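Participant: There's a structure below that I have some questions on.
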Amino acid sequence: MRHRLSVFHQYLLPKQALTQLAGRLASAQGGRLTPRLIRWFAKKYGVDMNEAHNPDLGSYASFNDFFTRALREGARPIADADFVCPVDGAISQCGIIEHDQIFQAKGHRYSTTALVGGDAQLAASFDHGSFATLYLSPRDYHRIHMPCDAKLQRMIYVPGALFSVNPTTARGVPGLFARNERVVCVFDSAFGPFVLVLVGATIVGSMATVWHGVVNASRQGRIREWDYRDQDIVLKKGEEMGRFLLGSTVVMLFPKGVLEFNPAWVAERSIRMGEAMGVKPKG
Numbered sequence: 131m132r133h134r135l136s137v138f139h140q141y142l143l144p145k146q147a148l149t150q151l152a153g154r155l156a157s158a159q160g161g162r163l164t165p166r167l168i169r170w171f172a173k174k175y176g177v178d179m180n181e182a183h184n185p186d187l188g189s190y191a192s193f194n195d196f197f198t199r200a201l202r203e204g205a206r207p208i209a210d211a212d213f214v215c216p217v218d219g220a221i222s223q224c225g226i227i228e229h230d231q232i233f234q235a236k237g238h239r240y241s242t243t244a245l246v247g248g249d250a251q252l253a254a255s256f257d258h259g260s261f262a263t264l265y266l267s268p269r270d271y272h273r274i275h276m277p278c279d280a281k282l283q284r285m286i287y288v289p290g291a292l293f294s295v296n297p298t299t300a301r302g303v304p305g306l307f308a309r310n311e312r313v314v315c316v317f318d319s320a321f322g323p324f325v326l327v328l329v330g331a332t333i334v335g336s337m338a339t340v341w342h343g344v345v346n347a348s349r350q351g352r353i354r355e356w357d358y359r360d361q362d363i364v365l366k367k368g369e370e371m372g373r374f375l376l377g378s379t380v381v382m383l384f385p386k387g388v389l390e391f392n393p394a395w396v397a398e399r400s401i402r403m404g405e406a407m408g409v410k411p412k413g
């Protein structure tokens, strides 16, 4: 009950309008407001600009340009592992998918089928498989990279709510990641299929992929799907696949017997893109 009360105000907020307004402000260029906003944000959240390819806060044309900044070369070495971490952030949860249920927080689970937009056949591929939910805070690097080499198969845009995705909200809003707006990316790899889901949130102006650009620009309120199986879109491990324009969460799904997590991967642990996430089990 305490966690539910702590997020009650989010049910009352005009989240869609706030998010649209934030998106317009973040993409605005020119004027004195943009550099002031960027400097305030960097100071408030402790953004480490020493890691940025361009460390000059005053040189970014828009807040979005700053927020989706590239890292300097060599800032995130790619581990020698079958699977590497796709983002900077923190582990919200990771573990085993129990039938069609993913653990969100104490007292909360949600459906794999709902997460991927109602495709029961796709969801069934991950029964008793593995999942990882990774939270990107405002201070983090916000580009998303590939956990392994893979070929893009499909992309599904699922409209939804725009609750915050911070840990407090995850404990207080049932089925949070299957309720919020999201982009489901389906890949095939040498290890089998996997899904990488970009989950939107309050103030997240948009989500973009390297093969499509901004996916949710129009927010038409209906599920949309793109089939890429006849195209040769292949991305390498550690290569950028997308980005958030303001922070959010990534959820990954893997089939049974494909991924054994790094023993150091536990809930609430900080993570960095390129570190070892896991290996394919032997035998």
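Residues 131 to 413 (this note's numbering) make up the sequence shown, in order. Ideal placement from N, C-alpha and C gives every residue a C-beta, glycine not left out. As the structure is a prediction and not an experimental result, all values here were calculated from the model.
Decide if Lys367 is buried, meaning its Cβ has at least 16 other Cβ atoms within 10 Å, or exposed.
Facilitator: Classification for Lys367: buried.
Participant: Would you give the residue range spanned by the alpha helix (DSSP H) that Gln251 belongs to?
Facilitator: 250-254 is the span of the alpha helix (DSSP H), which, as asked, contains Gln251.
Participant: Spell out the partners DSSP gives Arg284 in its beta bridges.
Facilitator: According to DSSP, Arg284 bridges with Val316, Asp357.
Participant: Assuming contact is defined by CB atoms lying nearer than 7 Å, are Val381 and Val327 in contact in what I supplied?
Facilitator: Cβ atoms of Val381 and Val327: closer than 7 Å.
Participant: Following the continuous beta strand (DSSP E) through Arg198, name the residue where it begins and the one where it ends.
Facilitator: Contrary to the premise, residue 198 reads as Thr rather than Arg in this sequence. It is not in any beta strand (DSSP E) - Thr198 carries neither H nor E in the DSSP assignment.
Participant: May I ask you to report which of helix, strand or coil DSSP gives Pro289?
Facilitator: It is coil, neither helix nor strand.
Participant: Nearest to Asp257 by alpha carbon, out of Pro277, Tyr358, Ile226?
Facilitator: With distances taken between Cα atoms, Asp257 lies closest to Ile226.
Participant: Can you grab the Cα-Cα spacing for the pair Arg399 / Phe324, in whole Å?
Facilitator: Whole-angstrom Cα-Cα distance: 23 Å.
Participant: So, at 6 Å on beta carbons, what are the nonlocal neighbours of Val313 in its own chain, with the 5 sequence-adjacent residues on each side left out?
Facilitator: Counting only Cβ-Cβ distances below 6 Å, and skipping sequence neighbours, we find Tyr287, Leu328, Met337, Val345.
Participant: Would you report the Cα separation of Leu245 and Ala308, rounded to the nearest angstrom?
Facilitator: Rounded to whole angstroms, Leu245 to Ala308 spans 4 Å at the Cα level.
Participant: For Arg169 and Arg273, what's the separation of their Cα atoms in angstroms?
Facilitator: Straight-line Cα distance between these residues: approximately 20 Å.
Participant: Quick one: grab the DSSP three-state call for Gly387.
Facilitator: Of the three classes helix, strand and coil, the one that applies to Gly387 here is coil, per DSSP.
Participant: Which residues in the same chain have their Cβ closer than 7 Å to the Cβ of Pro207, if we skip the five residues on either side of it in sequence?
Facilitator: So the list reads Gly404, once near-sequence residues are dropped.
Participant: Using only CA atoms, which one of Asn184, Asp218, Val409 lies nearest to Asp195?
Facilitator: Nearest of Asn184, Asp218, Val409 to Asp195, Cα basis: Asn184.
Participant: Would you report the Cα separation of Ala152 and Gln283, rounded to the nearest angstrom?
Facilitator: Bear in mind that a pLDDT of 49 at Ala152, under 50, signals an unreliable position, so the number given afterwards is only what the model happens to contain. Between Ala152 and Gln283, the C-alpha separation is close to 32 Å.
Participant: Could you give the first and the last residue of the continuous beta strand (DSSP E) run that contains Leu328?
Facilitator: Where Leu328 is concerned, the enclosing beta strand (DSSP E) stretches over 322-329.
Participant: Please go through the same chain and pick out, in chain order, the residues whose beta-carbon is closer than 6 Å to the beta-carbon of Ala406, but skip the five residues on each side of it.
Facilitator: Contacts found: Ala209, Ala211, Asn392.
Participant: Roughly how many angstroms separate the alpha carbons of Leu163 and Ser189, rounded to a whole number?
Facilitator: For Leu163 and Ser189, the distance between alpha carbons rounds to 13 Å.
Participant: In chain order, what residues of the same chain have a beta carbon less than 8 Å from the beta carbon of Ala280, not counting five sequence neighbours either side?
Facilitator: Excluding residues within five positions, the ones whose Cβ falls inside 8 Å are Phe317, Asp318, Ser319, Phe324, Val364, Leu365.
Participant: Quick check: Met276 and Trp356, are their CB atoms within less than 7 Å of each other?
Facilitator: Contact flag unset, no.
Participant: Does the distance from the C-beta atom of Val340 to that of Glu311 stay below 7 Å?
Facilitator: Not closer than 7 Å, so no.
Participant: Tell me which residue opens and which closes the alpha helix (DSSP H) that Tyr175 is part of.
Facilitator: Element bounds for Tyr175: 163-175.
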